[in-house]
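Novice: Under our numbering, the letters of the sequence shown match residues -13 to 487, in that order. Can you keep this structure in mind? I'll have questions shortly.
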Amino acid sequence: MIDLLLTEGTVVTMDQKRRIIEDGAVAVDQGKILFVGSSKEAEVKFPEVRKTINCRNHAVMPGFVDVHGHGGHALIRGAIFDTSNWMAAVTQLYNHYVTDDYWYYEGRVSALDHLRAGITTSVCIIGAQQRCDDPVFSINHAKGYSETGLREVVCTGPSQPPWPHKFSRIIDGKRVLMEVSYEQVIESMETVIRELNHSCNDRIRAFVSPFGLLPSTNSSFPTEADVMWAGPTEFDLHQLKEMWRIADKYDTRIHAEAYGGSIYQMHKAGKLALLGPRVHLQHTSGCSFDELQILADTGTHVGVTFQSSTMLIPMLWMGVKTAIGTDGPKLLGNADMFQSMRMTQNKHKDELTFSTNFMFNLPSDRLLEMTTIDAAEVIGWEDDIGSLEIGKKADIITVNLMNPRMTPRFNIIDTMVMLGNGNDVDNVFVDGVHLLENGKVLSVDEEKVLMEGDKVARESLERIGYQNFIDGKEHFWGKVRRYDSRPKFDLEWQRKDGGYY
Ligand SMILES: [Zn+2]
């Protein structure tokens, strides 16, 4: 008797041979894949099955792997938008005005969003830049994800200087401002990694993740030339030692956002550099050719989103292992890998060429690799996930192809990648556990999760006084340009209020 048989589907294995099996089956027992082959063979081999699902007119494929996103954003979507100080506004909210539980409620909504789109593994930085003055935020976020049944990689580490750094906790409804030292953050980070890495039957992992590649680099934009040429400062080198010490102690990986100049600057740190196959860097926007060469030479992995202004095609051509992520739930892009694949293709299909409709960069097949098996490799989890192969963990999704948008299907990969939506995913399994069945969430009470998430979002925005971000949202019918002139966010106020931008 085996646990589960998915039969009569089009199985897109993403295995080494990239086999696509028509009228195919996948058998699962004790959370692992036992068989991938024809339905006929499966019927003979497994006469007794606890649960059989007929997957006629469905693609059966590995769950998507999202290599970069952020915890926190799912409850501010559509609110904090009209400001050039977006980073300062969300950081002030996350660092000073949300309760410890915010991260749990947000984690649940974010996880549901990913679940419904067939993203079974997500990498989440806790905050826009890391909130790591106490382990509770990461632990609560992971709790939200684990209750939903998905895999999450929690990324934790120090935010940018100055140190000590101010953070607030909401205690008995009141905001309590406190100064936190660099050492306290490192201690908290170590606790998160010790407690979370490989927890929940290895559904939750934790990576070392400083916010900027180096404390002296510009953490959201290309680093200025004089800083870049100067190489790492003494404090940079101290941080690098700490990051490697913790990564080595807990045998885990490193993830950070990286922009032009910072990779060159980092490279000068020699053996201490956060580069190499245990590292995946995000965006690489503004990186020069010599920096791409450093990534290729050191075997560093990369994640991009459709918003990354990077030279993706040369990077792939040089052999850098690269995956497509979502950057987390936001107004300008959501947890939908189909959308992310298409938007990434659209951004790069003409890169450095005069492409035509007959010859362009990033065919559908390559895009699908970059969200499944290559993505699993980018985060070092390819032994367990990213493809449907015997012995791997049973993270499987089915995509319902029976709709006019995807009919006829002359090439299933082109059809799915170019015409599919997250909503077409109707069954999701992680570790062989059925989490979404014919579009119904089985693991949590979806309505309750959404209602509670909405309540916590409104309370948080009210607490910080972001009324102008949410009240009386203006409309722009007939206007060519969006411009909402009401004051939204004041950096002076933030500085007086304990923020540091
Ligand atoms: Zn990001």
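Positions of the beta carbon are idealized from the N, C-alpha and C atoms, including for glycine. Model, not experiment: these values are computed from the prediction.
(1) Would a C-beta distance cut-off of 8 Å place Tyr245 and Thr209 closer than the cut-off?
(2) What does a CB cutoff of less than 7 Å around Lys31 pick up in its chain, not counting 5 residues either side in sequence?
(3) Got a sec? Which residues, its chain only, sit under 6 Å from Ser205 by beta carbon, not counting five neighbours each side?
(4) Got a sec, what are the start and stop residues for the alpha helix (DSSP H) Asp351 sits in?
(5) Classify Tyr487: buried if its beta carbon has 16 or more other beta carbons within 10 angstroms, exposed otherwise.
(6) Would you check if there are 3 or more beta carbon pairs closer than 8 Å linking the stretch 328 to 343 to the stretch 257 to 265?
(7) What does the shell around ligand 1 hold, if a residue joins when its beta-carbon is under 6 Å from any heavy atom?
(8) Spell out a yes or no on whether the stretch 379 to 387 and the stretch 6 to 21 are touching, meaning 3 or more CB-CB pairs, one atom from each, closer than 8 Å.
(9) Work out the CA separation of Met252 and Leu70 for me, nearest whole Å.
(10) I want to know whether the stretch 104 to 111 touches the stretch 65 to 84 - three or more CB-CB distances under 8 Å.
(11) Are the CB atoms of Val178 and Ser132 within a distance shorter than 8 Å?
(12) Rounded to the nearest angstrom, what separates Arg467 and Glu460 at their Cα positions?
(13) Exposed or buried, what is Thr393 when buried is set at 16 or more other beta-carbons lying within 10 Å of its beta-carbon?
(14) What residue range does the alpha helix (DSSP H) around Tyr131 cover?
(15) Given a threshold of 16 other Cβ atoms within 10 Å of its Cβ, counted over all protein chains shown, does Arg481 qualify as buried or as exposed?
(16) Is Lys26 helix, strand or coil when you go by DSSP?
(17) Is Gly256 helix, strand or coil when you go by DSSP?
(18) Taking Cβ to Cβ, would you say Val139 is nearer than 8 Å to Arg102?
(19) Between the Cα of Pro144 and the Cα atoms of Arg137, Ser195, Thr134 and Val95, which residue gives the shortest distance?
(20) Have a look at Asp68, Ile232 and Thr219 and flag the residue whose alpha-carbon is nearest the alpha-carbon of Ser174.
(21) Give the secondary structure of Thr38 by DSSP, where H, G and I count as helix, E and B as strand, and everything else as coil.
(22) I need the straight-line Cα distance from Asp86 to Ser25, nearest angstrom please.
(23) Have a look at Asp431, Val414, Gly485 and Thr203 and flag the residue whose alpha-carbon is nearest the alpha-carbon of Tyr91.
(24) Within a Cβ cutoff of 7 Å, which residues of the same chain sit near Asn187, ignoring the five residues on either side of it in sequence?
(25) How about the stretch 321 to 336 and the stretch 401 to 412: do they share at least three Cβ pairs that are nearer than 8 Å?
(26) Curious, which full-length alpha helix (DSSP H) runs of at least 4 residues does the stretch 91 to 175 contain?
(27) Please name the residue in Ala97, Arg328 and Glu176 whose C-alpha comes closest to that of Val122.
(28) Are Val435 and Val95 closer than 8 Å when you measure CB to CB?
(29) Residues in the same chain with beta-carbon distance under 6 Å from Ala361, minus the five sequence neighbours each way, listed in chain order, please.
(30) Put Ile456 into one of helix, strand or coil per three-state DSSP.
(31) Within the continuous alpha helix (DSSP H) that includes Val435, where are the two ends?
(32) Could you tell me how far apart the beta carbons of Ile240 and Phe193 are, in whole angstroms, since I believe they sit closer than 8 Å?
(33) Closer than 8 Å by C-beta to Asp336: which residues in its own chain qualify, once you throw out the five before and the five after it? Chain order, please.
(34) Would you mind working out which of Ile157, Ala60, Ala128 and Pro148 sits nearest Ala114, comparing C-alpha positions?
(35) Whose C-alpha, out of Lys307, Thr312, Phe275 and Glu169, is nearest the C-alpha of Gln293?
Specialist: In terms of the structure at hand:
(1) Position 259 of the sequence shown, counting from 1, holds the residue named residue 245. Position 223 of the sequence shown, counting from 1, holds the residue named residue 209. Going by C-beta atoms, Tyr245 is nearer than 8 Å to Thr209.
(2) For the purposes of this step, residue 31 is taken as the residue at position 45 of the sequence shown. Only Phe21 meet the Cβ criterion.
(3) For the purposes of this step, residue 205 is taken as the residue at position 219 of the sequence shown. Gln146, Phe197 and Gly198.
(4) For the purposes of this step, residue 351 is taken as residue 365 along the sequence shown, with counting starting at 1. Here the alpha helix (DSSP H) through Asp351 covers Ser350 to Glu355.
(5) Start at 1 with the first residue of the sequence shown, and residue 487 comes out as number 501. With fewer than 16 other Cβ atoms within 10 Å, it is exposed.
(6) no
(7) His54, His56, Glu243, Gln268 and Asp313
(8) yes
(9) Looking up residue 70 in the sequence shown gives position 84. Looking up residue 252 in the sequence shown gives position 266. Per the sequence shown, the amino acid found at residue 70 is Ser instead of Leu. Those two C-alpha atoms are separated by around 28 Å.
(10) no
(11) In the sequence shown, the residue the question calls residue 132 occupies position 146. In the sequence shown, the residue the question calls residue 178 occupies position 192. The answer is no: Cβ separation not under 8 Å.
(12) Translated into the one-based positions of the sequence shown, residue 467 becomes position 481. Translated into the one-based positions of the sequence shown, residue 460 becomes position 474. Roughly 13 Å between the two C-alpha positions.
(13) As a first step, residue 393 must be located in the sequence shown, where it is residue number 407. By the neighbour-count rule (16 or more Cβ atoms within 10 Å), Thr393 is not buried but exposed.
(14) Here the question's residue 131 lines up with position 145 in the sequence shown. Looking at the DSSP string, the run of the alpha helix (DSSP H) that includes Tyr131 is Val122 to Thr134.
(15) Taking the sequence shown and counting its residues from 1, one reaches residue 481 at position 495. Arg481 should be labelled exposed.
(16) The residue given as residue 26 occupies position 40 in the sequence shown. Here Lys26 sits in helix by DSSP.
(17) Here residue 256 corresponds to residue number 270 of the sequence shown, with the count starting at 1. Three-state DSSP puts Gly256 in a helix.
(18) For the purposes of this step, residue 139 is taken as residue 153 along the sequence shown, with counting starting at 1. For the purposes of this step, residue 102 is taken as residue 116 along the sequence shown, with counting starting at 1. Taking 8 Å as the Cβ cut-off, Val139 and Arg102 do not qualify as a contacting pair.
(19) Within the sequence shown, the letter at position 158 stands for residue 144. Nearest C-alpha to Pro144: Ser195.
(20) In the sequence shown, counting from the first residue as 1, residue 174 sits at position 188. Per the Cα distances, Ile232.
(21) Locating residue 38 in the sequence shown gives position 52, where the first residue counts as 1. DSSP places Thr38 in strand when its eight states are reduced to three.
(22) In the sequence shown, residue 86 corresponds to position 100, counting from 1. In the sequence shown, residue 25 corresponds to position 39, counting from 1. Approximately 49 Å between the Cα atoms of the pair.
(23) For the purposes of this step, residue 91 is taken as the residue at position 105 of the sequence shown. It is Asp431.
(24) If you number the sequence shown from 1, residue 187 lands on position 201. Asp417.
(25) yes
(26) 122 to 134
(27) Here residue 122 is taken as the residue at index 136 of the sequence shown, counted from 1. The candidate whose alpha carbon is nearest that of Val122 is Glu176.
(28) By 1-based counting over the sequence shown, the position of residue 435 is 449. By 1-based counting over the sequence shown, the position of residue 95 is 109. Taking 8 Å as the Cβ cut-off, Val435 and Val95 qualify as a contacting pair.
(29) Translated into positions along the sequence shown, residue 361 becomes position 375. Excluding residues within five positions, the ones whose Cβ falls inside 6 Å are Val51, Val53 and Ala309.
(30) As a first step, residue 456 is located in the sequence shown; it is residue number 470 there, counting from the start. In the structure shown, Ile456 sits in a helix (DSSP, three-state: H, G or I).
(31) Position 449 of the sequence shown, counting from 1, holds the residue named residue 435. Start and end: Glu432 to Ile450.
(32) Taking the sequence shown and counting its residues from 1, one reaches residue 240 at position 254. Taking the sequence shown and counting its residues from 1, one reaches residue 193 at position 207. Confirmed, Cβ separation roughly 6 Å.
(33) By 1-based counting over the sequence shown, the position of residue 336 is 350. Counting only Cβ-Cβ distances below 8 Å, and skipping sequence neighbours, we find Phe346 and Asn347.
(34) As a working note, residue 114 is residue 128 in the sequence shown. Comparing Cα-Cα distances from Ala114 to each of Ile157, Ala60, Ala128 and Pro148, the minimum goes to Ala60.
(35) Taking the first residue of the sequence shown as position 1, residue 293 is located at position 307. Measuring from the Cα of Gln293, the nearest candidate turns out to be Thr312.
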